[in-house]
Amino acid sequence: MGRFPELDPAHIKTYSAADRVSKVRTAFQAVPPWKGMSVSEFLKGLPAILKAEDLIAAARAIAAAKKDGRTVIVMLGGHVVKCGCVPILLNMAERGFISCFASNGAAAIHDAELAAWGQTSEDVAVQLGDGSFGMASDTAEILNTAAKRACETQAGFGESLGVLLEERKYPFRDGSLAAGSLRFQIPYTVHVAIGTDIVHQHPDADGKAIGDASLRDFRIFASVVSQLGEGGVMINLGSAVIMPEVFLKALSLARNLGHPVRNFTTVNMDMIQHYRPTVNVVQRPVLAGGRGYSLTGHHEIMIPLLAAAVCEESDE
């Protein structure tokens, strides 16, 4: 006999697994794909559990918001633009599934470069070595001119950027977030942190104009956020810090002014889950009513997948 006592399981209380309440059932299991499978069949064949279920729930919330005339806001970071997802988002906006776009400054820069020249995203590692990173004068001219115009005309930063792209008839502007939002007559707001964007390195950067334009966009954004209650949807795509922080302040401002922004849905989609989107988008805003979802994956896969699910959940 060993030195230490053992616990004897001879008299444990047991039950039947067949009679137990279980969280997973065969009805939840996936349907294997086949050649020629439709998008509808594929989505219906996803496992009815965990994040697959959350994806469908988020899509249903967006489709329901459109049907009921509620607000759907999409916030995004620069990588969403670089990953080629803007055409999908513009299509959703054109069909009435998105009411407002909001982004950080990086997304606006990539959007403007794609609109003007059909290319974006320089090789930072190569160009940082000799100090040429971010020194594209024509990119800076577009963004800094838009900021100055916004300041002069008392318009929003995003709106002024869209107007500028249209006025100059840049060849790829039809695929631009800024120009497209102008075309669909929905707000696109740009939220800048001074010093984070390459255009701030240039001598034509005007801090007063940038600050004035971005602050006006914050107030426009807060006005849209004030309409989220009772069925709206807030979606954050790939912004780890700036947009979740902007959203939280806009939500507080709207509620402080008496707008009952409650009972809405929030969705955070990113390649990894970060602290601020988790607490500022998924958790805190819906404590007073609503539901938050976190979906993890690459933008170039997850955003088309969500859009496809929205289409299938819509009455169109």
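Numbering (this note's numbering), first residue to last: 19 to 334.
Just so you know, even glycine gets a beta-carbon here, dropped at the ideal spot from N, CA and C.
- Taking 7 Å as the cut-off, the Cβ atoms of residue 131 and residue 163 do not count as close.
- In the three-state reduction of the DSSP assignment, residue 118 falls in the strand class, which pools E and B.
- Contact check for residue 58 and residue 334: beta-carbon distance about 13 Å, past the 8 Å limit, so the pair fails to qualify.
- Bridge partners of residue 288 according to DSSP: 314.
- Under the three-pair Cβ rule at 8 Å, the stretch 224–233 does not count as touching the stretch 124–142.
- Its Cα nearest to that of residue 193, the residue 107 stands out among 232, 32 and 107.
- The three-state reading of DSSP puts residue 204 in coil, since its state is none of H, G, I, E or B.
- Burial is judged here by how many other beta carbons sit within 10 angstroms of a residue's own beta carbon; residue 217 has at least 16 and is buried.
- Distance from the CA of residue 298 to the CA of residue 279, rounded to the nearest whole angstrom, comes to 15 Å.
- Within the stretch 163–228, the complete beta strand (DSSP E) runs of at least 3 residues fall at 206–209.
- Taking the Cα positions, residue 195 is about 12 Å away from residue 203.
- Under the DSSP assignment, residue 255 falls in the beta strand (DSSP E) whose first and last residues are 251–255.
- Between residue 308 and residue 286, the gap from beta carbon to beta carbon reaches 7 Å or more.
- As DSSP reads the structure, residue 93 sits in a beta bridge with 120 and 254.
- According to the DSSP assignment, residue 246 belongs to no alpha helix (DSSP H), since it is labelled neither H nor E.
- In the displayed model, residue 282 falls within a strand according to three-state DSSP.
- Check the Cα spacing between residue 48 and each of 67, 288 and 39: the tightest is with 67.
- Under DSSP, residue 308 forms a beta bridge with 282.
- Excluding five sequence positions before and after residue 262, the CB atoms of its chain that fall closer than 7 Å to its own CB belong to 254, 294, 295, 298 and 299, given in chain order.
- Taking a contact as a CB-CB distance under 8 Å, the pair residue 183 and residue 168 does not count as one, their CB atoms being some 14 Å apart.
- Note that the C-beta distance between residue 271 and residue 240 is below 7 Å.
- A residue is called buried when at least 16 other Cβ atoms come within 10 angstroms of its Cβ; residue 55 does not meet this threshold and is exposed.
- For the beta strand (DSSP E) assignment, the uninterrupted runs of no fewer than 3 residues enclosed by the stretch 28–108 are, from N- to C-terminal side, 90–94.
- DSSP places residue 236 in the helix class (H, G or I) of the three-state scheme.
- Taking all protein chains in view, the Cβ of residue 246 is crowded by 16 or more other Cβ atoms within 10 Å, so the residue is classified as buried.
- In this structure the stretch 97–105 touches the stretch 307–327; the number of beta carbon pairs closer than 8 Å is three or more.
- In this structure, the CA atom of residue 81 is about 21 Å from the CA atom of residue 288.
- Per DSSP, reduced to three states, the secondary structure at residue 110 is helical.
- In this structure, 129 is the residue among 146, 129, 142 and 87 with its C-alpha nearest to the C-alpha of residue 189.
- Rounded to the nearest whole angstrom, the CA to CA distance from residue 118 to residue 205 is 5 Å.
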